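Everything below concerns the one structure shown next.
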Amino acid sequence: MTKINKQNINPWWITGITDGDGTFSIIAGNNTTKSNWAFRPVFQLAAANNPLNLEMLEDIKNYFGVGYIQINTKDNTIRYRVISLKHNLIIQKHFKEYPLMTQKLVHFTLWSEILELKLLKQHLTETGLLKIVGIKALFPNSLSPKLIKAFPNYTRAVTPEYLPNLALMNLNWIAGFINADGTFGIYFSKDARRKRENMKVGISITQNNTSIIVLESIREFLSYGNIWSQGLKASAFGISSLKDTNLFIAKLNAENITFQGSKSLDYQDFCLCVSLINSKEHLTELGLLRIKNILAGMNTKNRTVFI
Numbered sequence: 026m027t028k029i030n031k032q033n034i035n036p037w038w039i040t041g042i043t044d045g046d047g048t049f050s051i052i053a054g055n056n057t058t059k060s061n062w063a064f065r066p067v068f069q070l071a072a073a074n075n076p077l078n079l080e081m082l083e084d085i086k087n088y089f090g091v092g093y094i095q096i097n098t099k100d101n102t103i104r105y106r107v108i109s110l111k112h113n114l115i116i117q118k119h120f121k122e123y124p125l126m127t128q129k130l131v132h133f134t135l136w137s138e139i140l141e142l143k144l145l146k147q148h149l150t151e152t153g154l155l156k157i158v159g160i161k162a163l164f165p166n167s168l169s170p171k172l173i174k175a176f177p178n179y180t181r182a183v184t185p186e187y188l189p190n191l192a193l194m195n196l197n198w199i200a201g202f203i204n205a206d207g208t209f210g211i212y213f214s215k216d217a218r219r220k221r222e223n224m225k226v227g228i229s230i231t232q233n234n235t236s237i238i239v240l241e242s243i244r245e246f247l248s249y250g251n252i253w254s255q256g257l258k259a260s261a262f263g264i265s266s267l268k269d270t271n272l273f274i275a276k277l278n279a280e281n282i283t284f285q286g287s288k289s290l291d292y293q294d295f296c297l298c299v300s301l302i303n304s305k306e307h308l309t310e311l312g313l314l315r316i317k318n319i320l321a322g323m324n325t326k327n328r329t330v331f332i
């Protein structure tokens, strides 16, 4: 594979990938202040560790102009992180202008509340600290036993209502969201009557049912695709017909929208397979073998990436 041509990253694309792979969190730790506790709002985007993903996160870092890149050898990931209050105000400004659409919007709202409390120096008062602890209790991983022991009188905050502005749905956001949580694939099934393998193309995105309205909004925006259950807690949106897949690829091409990082290689391979199917090469033994060889390297975290 050759290196993907770099393009300017669209702000909505950044929001889309954050809706999938981003986190807004609060780190609590001992400090030398009077309260002996410090609470740091953190913004993070994570990706599998490879050169193209590193380049993608560097581009996002350059877009914001703040933060740092961290490589975690334990889980073989790369993380773009922003920790300081001053720098996270820049992050906050972006997501107010280009709002999140999934349930992650709720975490952003809570995270922003803590930013505002710190701006007002409320974290230096006992009342302010109790408010921060009550808000942190609503985040994943919640409160440590040590933190609960330090603030036994905290009151759990009220969870903000999840009210995404889905009227803002757009193709750049969808591309960023697919970049994080989407999968490109070609699926085979036996056709005993014709003594050959049937083939179906697919682009899918899976989400917790708390964000199913986002999948419904994607389907409404595109005017095609299907939504189906993925067990009790999750659902998926998918484009499964060749006709609709061609429409989607053409729409991305018309607006000069592409994917970033190693996902761009998956998309490139997927488009090649779709092109072979469009030209009926999959009906030949050689063409079918070529498609299967291409698919063998797709959607794997450890695929070879040349740069």
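Heads up, the sequence shown is in my numbering, so the first residue is 26 and it goes up one at a time. Yeah, the Cβ is synthetic: ideal placement off N, Cα and C, and Gly gets one too. Quick caveat: nothing in here was measured; it's all calculated off a predicted structure.
**Cβ pair Phe295, Phe209 closer than 8 angstroms** = yes
**Rounded C-alpha distance that separates Pro189 from Arg244** = 16 angstroms
**Prompt:** In three-state terms, what does DSSP make of Phe213?
**Reply:** strand
**Asked** Nearest CA to the CA of Ser242: which residue from Ala192, Asn75, Leu130?
**Response** Ala192
**Request:** Within its chain, find whatever has a CB closer than 7 angstroms to the CB of Leu82; leave out the 5 residues flanking it on each side and keep chain order.
**Result:** Leu70, Ala72, Ile94, Ile103, Tyr105
**Asked** My guess is that Leu272 and Cys298 are in contact by the Cβ rule of under 8 angstroms, so how many angstroms apart are they, rounded?
**Response** 16 angstroms between Cβ atoms; not a contact.
**Prompt:** Quick one: any contact between the stretch 149-158 and the stretch 173-181, if contact means 3 or more CB pairs under 8 angstroms?
**Reply:** yes
**Asked** By DSSP, does Thr283 sit in helix, in strand, or in coil?
**Response** coil
**Message:** Is it buried or exposed, Leu196, if we count other Cβ atoms within 10 angstroms and call 16 or more buried?
**Reply:** buried
**Request:** With DSSP as the reference, label Ser300 as helix, strand or coil.
**Result:** helix
**Item:** Residue from Gly250, Ile228, Gly256 whose Cα sits closest to the Cα of Met323
**Value:** Ile228
**Item:** Residues near Asn33 in its chain [Cβ-Cβ closer than 7 angstroms; skip 5 each side]
**Value:** none
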